[in-house]
Amino acid sequence: MAATEQRLSTTVLVIGTGGAGLRGSVELAEAGVDVLAVGKRPKNDAHTSLAAGGINAALATMDPEDSWQQHAADTLKESYLLGDPRTTEIVTRGAAQGIDDLERYGMTFAREQDGRISQRFFGAHTFRRTAFAGDYTGLEIQRTLVRRAEQLRIPVLEGVYITRILTHEGAVFGAYGFDLKDGTRYRVHADAVILAAGGHTRIWRRTSSRRDENTGDSFRLAVEAGARLRDPELVQFHPSGIIEPENAAGTLVSEAARGEGGVLRNALGERYMSRYDPERMELSTRDRVALASYTEIKEGRGTEKGGVWLDVSHLPRQTVMDRLPRVYRTLLDLQMLDITRDPIEVAPTAHYSMGGVWVRPEDHSTDVRGLYAIGEASSGLHGANRLGGNSL
3 MAATEQRLST TVLVIGTGGA GLRGSVELAE AGVDVLAVGK RPKNDAHTSL AAGGINAALA
63 TMDPEDSWQQ HAADTLKESY LLGDPRTTEI VTRGAAQGID DLERYGMTFA REQDGRISQR
123 FFGAHTFRRT AFAGDYTGLE IQRTLVRRAE QLRIPVLEGV YITRILTHEG AVFGAYGFDL
183 KDGTRYRVHA DAVILAAGGH TRIWRRTSSR RDENTGDSFR LAVEAGARLR DPELVQFHPS
243 GIIEPENAAG TLVSEAARGE GGVLRNALGE RYMSRYDPER MELSTRDRVA LASYTEIKEG
303 RGTEKGGVWL DVSHLPRQTV MDRLPRVYRT LLDLQMLDIT RDPIEVAPTA HYSMGGVWVR
363 PEDHSTDVRG LYAIGEASSG LHGANRLGGN SL
């Protein structure tokens with residue numbers, strides 16, 4: 003039997019229903035624009051829900067000296083000066099507004115006793131500027147945006163895989179795809195298409211996202227439609243992905259574990275970061291920590307299974323339960339490991355595509371009329387290395 007075809011039309015089609023896709027959809031809907039969001043995964047379980055540690059904004063609630071200018075300087079420095087300065091300025095200037103918006107949509111952030119939003123250190127930040135909700139910040143953001151999208155009655159198609167962006171004479175007029183469960187084909191006519199379908203880290207065996215995520219859909223769709231890519235070879239490896247079980251290899255142990263005082267040791271028991279960045283130790287940049295761990299493993303000082311030890315067992319049990327509840331639960335579920343007593347075996351894991359679709363900083367448009375890219379699908383902000391907390 004031939005698969006049936008559904009025809010839909012909208013003003014703007016958003017491909018991807020993670021944080022970027024839903025946030026873009028909400029903005030359009032609030033402006034009164036007709037929008038349809040399509041995702042290949044359930045909207046409650048998009049990749050954003052795996053982002054744990056926090057979201058950056060120079061709110062200066064903990065360190066009054068902080069400013070968007072310092073956030074921009076940290077971002078550019080750690081990008082190895084390959085980040086786009088205009089993009090960096092737009093993002094760091096607007097970050098506090100982003101937090102306000104999430105609060106307006108009903109998100110609850112961790113707070114100090116006097117009511118200020120709590121902020122913690124992440125690697126290579128000059129000041130504490132990472133706002134968070136436990137160690138499940140991304141999940142909380144995703145839930146908040148799903149709720150807001152429902153309030154605005156934004157139609158969201160789940161389980162639909164887009165295979166082609168439809169173009170004519172250098173302009174977009176929609177997209178084509180199919181339902182992953184029953185094969186129903188979808189032809190969506192739209193005046194504009196926003197790509198928000200993540201990166202391409204799944205080309206590595208050990209990756210911090212799940213097996214059916216980050217398969218480079220955004221990049222392929224953009225190129226076939228006539229857009230350009232920038233820096234696709236620049237990929238961030240997160241220092242701490244678990245090794246076992248095999249079907250969960252790469253699952254993230256949040257940077258929050260190091261932010262709260264976790265230490266890294268090799269198989270000889272040495273706290274090896276003193277060799278690579280004696281000043282910042284475990285709070286060095288992600289690329290340095292990942293490279294340090296990789297070097298230890300390659301030079302024979304790793305564990306039998308090819309990892310290193312991340313230890314938070316010296317922290318008070320209550321701190322672990324309050325600040326790292328998700329890490330605690332994940333390790334208990336996957337390995338029957340109590341992290342308040344034993345160290346975690348970790349190795350670097352492919353985490354984030356720094357490159358992506360080439361967009362203009364001001365409006366995220368591409369060379370193709372009507373085609374835009376946002377979130378991890380786009381490039382410009384992170385250069386060669388991303389600050390933790392800058393993805394959200």
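Residue numbers for the sequence shown follow our numbering, so the first one is 3 and each next one is one higher. We put the beta carbon where it would ideally sit given N, CA and C, even for glycine. As the structure is a computational prediction, the values presented were derived from the model and not from experiment.
So, is residue i buried or exposed, given that buried needs 16 or more other C-beta atoms within 10 angstroms?
| i | result |
| --- | --- |
| residue 117 | exposed |
| residue 82 | exposed |
| residue 59 | buried |
| residue 122 | buried |
| residue 213 | exposed |
| residue 247 | exposed |
| residue 49 | buried |
| residue 154 | exposed |
| residue 383 | buried |
| residue 205 | exposed |
| residue 275 | buried |
Is residue i helix, strand or coil when you go by DSSP?
| i | result |
| --- | --- |
| residue 95 | helix |
| residue 350 | strand |
| residue 195 | strand |
| residue 285 | helix |
| residue 154 | coil |
| residue 308 | coil |
| residue 237 | strand |
| residue 368 | coil |
| residue 273 | coil |
| residue 83 | coil |
| residue 102 | helix |
| residue 58 | strand |
| residue 320 | helix |
| residue 37 | strand |
| residue 313 | strand |
For a quick check, are the C-beta atoms of residue i and residue j less than 8 Å apart?
| i | j | result |
| --- | --- | --- |
| residue 24 | residue 39 | yes |
| residue 55 | residue 124 | yes |
| residue 63 | residue 77 | no |
| residue 329 | residue 137 | yes |
| residue 348 | residue 291 | no |
| residue 111 | residue 75 | no |
| residue 98 | residue 61 | yes |
| residue 387 | residue 288 | yes |
| residue 379 | residue 198 | yes |
| residue 266 | residue 310 | yes |
To the nearest angstrom, how far is it from the Cα of residue i to the Cα of residue j?
| i | j | result |
| --- | --- | --- |
| residue 126 | residue 286 | 6 Å |
| residue 21 | residue 377 | 8 Å |
| residue 105 | residue 156 | 20 Å |
| residue 103 | residue 323 | 28 Å |
| residue 189 | residue 353 | 32 Å |
| residue 36 | residue 28 | 11 Å |
| residue 375 | residue 169 | 16 Å |
| residue 88 | residue 101 | 21 Å |
| residue 172 | residue 164 | 19 Å |
| residue 371 | residue 179 | 21 Å |
| residue 327 | residue 345 | 16 Å |
| residue 144 | residue 381 | 22 Å |
| residue 343 | residue 272 | 19 Å |
| residue 16 | residue 363 | 19 Å |
(message) Would you call the segment 29-38 in contact with the segment 367-387, where contact means no fewer than 3 C-beta pairs closer than 8 Å?
(response) no
(message) Counting beta carbon pairs with one atom in the segment 203-223 and one in the segment 345-365, are three or more of them shorter than 8 Å?
(response) yes
(message) Three or more C-beta pairs under 8 Å: does that hold for the segment 7-14 against the segment 191-210?
(response) yes
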